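With our numbering applied, the sequence shown covers -4 to 394.
Accompanying notes for the structure given below.
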Amino acid sequence: MIEVSNKCIGCNKCVPVCPFAAINMIDKKATMNEACTLCGVCVQVCPVNAITITREEASARDFSGFKGVWVYVELTETGDKSHQKRIKPVTFELLAAGRRLADELGEDLCAVLLCDKNHNYEKELGAHGADKVYMVEHEELFEYNTDIFSTVIVALVTRHKPSSMLYGATIQGRDLAPRVASALYVGLTADCTGLAIKDGLLLQSRPAFGGNIMADILAPNSRPQMSTVRPNVMKAGEPVLGRTAVVVRETAKLDRSLRRVKVLERKIEHDAGAVKIENANIIVSGGRGMKTKDKFKQLDELAKLLGGVVGASRAAVDLGFKEKTHQVGQSGTTVSPKLYLAFGISGAVQHIVGMKASDVIVAVNKDPNAPIFNVAKYGIVGDIHEIVPKLIEALKKAK
Ligand code: FAD
Ligand code: SF4
Ligand code: SF4
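In structure tokens, the structure reads:
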């Protein structure tokens, strides 16, 4: 419920900022109409704190009107001269996961696309499983902005009432999802590694207590149920050519004054040689067992011969063997290459959560009981300081 108290001085400041044209000035007092979504924007601009929003206490309510699994579509710069944006791969991973959830619930899978100019994105989204695409095209959506994007998402959710909504645990998703959750007064489970349906609810699994246990989280008292999922944790499906999505065009009244953060300068990295372990097909990773920074450098050579990139455990990073950008795991990057080679890595749970989605894992460790062997497809018990040079030699000969 939204109320305007007698403190209102009729200054009119709240009227232009309301994205839903929900405020009229009647007898010099702000009065809200039924278009109000309780987004809270007007509360922030009122100079005399005359506006209050009261939200219902969480309780077991009837949520039968909430239907649909929604996926937030994240766009990213292509980095080329066209300045055209492309859909970030994590969106396709979420669509694959969302498809399974929607099928089990018997609901639609919907993609939510906010852009200044649509470049037939709905084709890719449909091919990756979306039944519907809610699309808002507006010049103010030319780049991500917390205030603008969260306002639009809150409006869409309020209008269409999805049962769940998934975001990538990217810089953008981690910024947007909490803002939306707080505006809607719903929960949010961050960094989920597993999503399933249990008794009609979204079962959100994520590591807890430093990764030592997996917590299963349910949100029975609010809708939508919201989660962020790290890139590379879920596998994207193959696109089905010709599969199409229904496009639902939505409008939003957006004003530049909503934008409280201004981007002063943008620098896009064009360096093709930059480390991007999250996109690599082959990762040659090393741990504390590599012993020294010099010995660790052998992995650079091995990775080069295999056409891969180098990864590292946190222990190896802490010892200064490799930069933090190469760290794989819970507090590093989550990867899912076709081939993951682990040399002298014990297989702590915090490392495993960051690489277990790899297609083939090969581990070399002198300890036959090292936990890394539990997730490895091929395990070699032996001394890495003998095995790595031999591998390099063999690959050089083969070339
Ligand atoms: P160790 O556990 O010391 O293992 C070294 C291995 O090398 C041993 O298994 C040993 O048998 C083997 N070895 C030694 N010599 C040889 C040899 N000559 N030949 C063959 N094998 C040999 N860790 C991460 O990796 N990524 C993370 O993102 C991460 N995040 C964390 C977040 C939190 C909140 C916490 C608490 C911890 C985190 N950690 C993370 C740390 C994690 O718990 C482990 O400490 C770390 O992964 C261990 O790295 P390691 O396997 O290289 O070293
Ligand atoms: Fe408009 Fe949001 Fe204020 Fe409602 S809460 S009147 S929708 S700005
Ligand atoms: Fe009244 Fe506050 Fe709106 Fe000004 S901003 S008209 S004081 S409710």
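Just so you know, even glycine gets a beta-carbon here, dropped at the ideal spot from N, CA and C.
Treat the numbers as computed from the prediction; the structure is a model and nothing was measured.
- Message: With three or more C-beta pairs closer than 8 angstroms as the rule, is the segment 203 to 218 touching the segment 170 to 183?
- Response: yes
- Cβ neighbours of Thr395 in the same chain (closer than 6 angstroms, five flanking residues each side left out): There is no way to answer for residue 395, as the model of the chain reaches only from -4 to 394.
- Item | Straight-line Cα distance separating Ala97 from Ala91 | Position 96 of the sequence shown, counted from the start, is the residue given in the question as residue 91. Position 102 of the sequence shown, counted from the start, is the residue given in the question as residue 97. The alpha-carbon atoms of Ala91 and Ala97 are separated by roughly 10 angstroms.
- Task: Reducing DSSP to helix, strand and coil, say where Met(-4) ends up.
- Result: For this step, residue -4 is matched to residue 1 along the sequence shown. Here Met(-4) sits in coil by DSSP.
- Query: Under 9 angstroms, do Leu100 and Ser158 count as touching if we go by C-beta distance?
  - Reply: As a first step, residue 100 must be located in the sequence shown, where it is residue number 105. As a first step, residue 158 must be located in the sequence shown, where it is residue number 163. Their beta carbons are under 9 angstroms apart, which means Leu100 touches Ser158 by this criterion.
- For Asp266, three-class secondary structure by DSSP: What you label residue 266 is simply residue 271 of the sequence shown in a count that begins at 1. Unreliable placement is indicated for Asp266, whose pLDDT of 49 sits below 50; no coordinate value is reported for it.
- Message: Suppose contacts are defined by Cβ-Cβ distances below 9 angstroms. Is Val357 in contact with Leu336 by that definition?
- Response: In the sequence shown, residue 357 corresponds to position 362, counting from 1. In the sequence shown, residue 336 corresponds to position 341, counting from 1. For Val357 and Leu336, yes; Cβs fall inside 9 angstroms.
- Message: Given 8 angstroms as the limit, tell me if Pro42 has its C-beta closer than that to any heavy atom belonging to ligand 3.
- Response: Start at 1 with the first residue of the sequence shown, and residue 42 comes out as number 47. Correct: Pro42 has its Cβ closer than 8 angstroms to ligand 3.
- Query: Using the rule of at least 16 other Cβ atoms within 10 Å of the residue's Cβ for burial, across every protein chain shown, is Asn115 buried or exposed?
  - Reply: Counting from 1 along the sequence shown, the entry for residue 115 is found at position 120. Result: exposed.
- Item | Boundaries (first-last residue) of the alpha helix (DSSP H) holding Gln293 | As a first step, residue 293 must be located in the sequence shown, where it is residue number 298. Its alpha helix (DSSP H) spans residues Lys288 to Leu301.
- Query: What beta strand (DSSP E) runs, 3 residues minimum, are completely inside the segment 56 to 115?
  - Reply: 64 to 67, 70 to 72, 80 to 82 and 104 to 110
- Task: State the beta-bridge partners of Val355 as determined by DSSP.
- Result: Translated into positions along the sequence shown, residue 355 becomes position 360. Val355 pairs with Leu334.
- Message: Whether or not the segment 279 to 289 and the segment 309 to 323 are in contact is what I'm after, with contact meaning three or more pairs of Cβ atoms, one per stretch, closer than 8 angstroms; do they touch?
- Response: Short answer: they touch.
- Message: ligand 3 and Asn140: does the residue's C-beta get closer than 8 angstroms to at least one heavy atom of that ligand?
- Response: For this step, residue 140 is matched to residue 145 along the sequence shown. No, ligand 3 has no heavy atom inside 8 angstroms of this Cβ.
- Message: Going by the DSSP bridge assignment, what does Thr26 pair with across the sheet?
- Response: Here residue 26 is taken as the residue at index 31 of the sequence shown, counted from 1. Thr26 is bridged to Asn19.
- Item | CA-to-CA distance, Val107 to Ile48, given in whole angstroms | Numbered from 1 along the sequence shown, position 53 holds the residue referred to as residue 48. Numbered from 1 along the sequence shown, position 112 holds the residue referred to as residue 107. Taking the straight line from one Cα to the other gives about 27 angstroms.
- Item | C-alpha gap between Glu138 and Arg261, whole angstroms | Along the sequence shown, one-based indexing puts residue 138 at 143. Along the sequence shown, one-based indexing puts residue 261 at 266. If you take the alpha carbons of Glu138 and Arg261, they lie about 11 angstroms apart.
- Starting from Val241, follow its DSSP beta bridges and name the residues at the other end. On the sequence shown, position 246 is the one that residue 241 refers to. Note: Val241 sits in a beta bridge opposite Lys127.
- Message: Rounded to the nearest angstrom, what separates Asn274 and Arg174 at their Cα positions?
- Response: As a working mapping, residue 274 is identified with position 279 in the sequence shown. As a working mapping, residue 174 is identified with position 179 in the sequence shown. Those two C-alpha atoms are separated by around 28 angstroms.
- Message: Taking the beta strand (DSSP E) that Arg169 belongs to, which residues open and close that run?
- Response: Translated into the one-based positions of the sequence shown, residue 169 becomes position 174. Run containing Arg169: none in the beta strand (DSSP E); it sits in the alpha helix (DSSP H), Ile166 to Leu179.
- Item | Straight-line Cα distance separating Thr165 from Cys13 | Taking the first residue of the sequence shown as 1, we reach residue 13 at position 18. Taking the first residue of the sequence shown as 1, we reach residue 165 at position 170. One C-alpha to the other measures close to 29 angstroms.
- Query: CA-CA distance, Ala125 and Arg94?
  - Reply: Translated into the one-based positions of the sequence shown, residue 125 becomes position 130. Translated into the one-based positions of the sequence shown, residue 94 becomes position 99. If I take the Cα positions, the gap works out to 7 angstroms.
- Task: Could you tell me whether the Cβ atoms of Ile277 and Gly302 are closer together than 9 angstroms?
- Result: Taking the sequence shown and counting its residues from 1, one reaches residue 277 at position 282. Taking the sequence shown and counting its residues from 1, one reaches residue 302 at position 307. The answer is yes: Cβ separation under 9 angstroms.
- Message: Tell me the DSSP secondary structure of Pro202 in three-state form.
- Response: The residue you call residue 202 lines up with position 207 of the sequence shown. In the structure shown, Pro202 sits in a strand (DSSP, three-state: E or B).
- So which of Asp142, Val85, Glu88 and Thr328 has the shortest CA-CA distance to Asp250? For the purposes of this step, residue 250 is taken as the residue at position 255 of the sequence shown. When each option's Cα is compared against that of Asp250, the closest is Asp142.
- State yes or no: is the C-beta of Phe338 nearer than 8 angstroms to some heavy atom of ligand 1? Here the question's residue 338 lines up with position 343 in the sequence shown. Phe338 Cβ: within cutoff of ligand 1.
- Message: Do Pro366 and Gly342 have their beta-carbon atoms positioned less than 9 angstroms apart in this structure?
- Response: Taking the first residue of the sequence shown as position 1, residue 342 is located at position 347. Taking the first residue of the sequence shown as position 1, residue 366 is located at position 371. Using a Cβ distance threshold of 9 angstroms, Gly342 and Pro366 count as a contacting pair.
- Message: As a quick exercise: from Ile148, Asn207 and Arg50, pick the residue whose alpha carbon is nearest that of His346.
- Response: Locating residue 346 in the sequence shown gives position 351, where the first residue counts as 1. Ranking Ile148, Asn207 and Arg50 by Cα distance to His346 puts Asn207 first.
- Query: Cα separation between Lys8 and Glu69?
  - Reply: Residue numbering aside, residue 8 sits at position 13 when the sequence shown is read from its first letter. Residue numbering aside, residue 69 sits at position 74 when the sequence shown is read from its first letter. Between Lys8 and Glu69, the C-alpha separation is close to 32 angstroms.
- Task: Could you tell me which residues DSSP pairs with Gln39 in its beta bridges?
- Result: Position 44 of the sequence shown holds residue 39. According to DSSP, which records beta bridges pairwise, Gln39 is partnered with nothing at all.
- Chain-ordered list of residues that sit, by beta carbon, closer than 7 angstroms to a heavy atom of ligand 2: So the residues near ligand 2 by this Cβ test are Ile(-3), Cys9, Val12, Cys13, Pro14, Phe15, Ala17, Ile18, Met27, Ala30, Cys31, Thr32, Leu33, Cys34, Gly35, Val36, Cys37, Val38, Ile46 and Ile48.
- Taking 8 angstroms as the cut-off, is the CB of Asn7 close to at least one heavy atom of ligand 3? Taking the first residue of the sequence shown as 1, we reach residue 7 at position 12. Yes; taking the cut-off as 8 angstroms, the Cβ of Asn7 has a heavy atom of ligand 3 nearer than that.
- Query: Quick one: is Tyr395 buried, meaning 16 or more other Cβ sit within 10 Å of its Cβ, or exposed?
  - Reply: Here the chain comprises residues numbered -4 to 394, so residue 395 is not present and cannot be evaluated.
- Query: Any beta-carbon of chain D closer than 9 angstroms to the one on Gln220?
  - Reply: Within the model displayed, chain D is absent; a lone protein chain is all it includes.
- Message: Once DSSP output is grouped into helix, strand and coil, what is the label at Val149?
- Response: Within the sequence shown, numbered from 1, the residue matching residue 149 stands at position 154. If DSSP states are grouped into helix, strand and coil, Val149 belongs with the helices.
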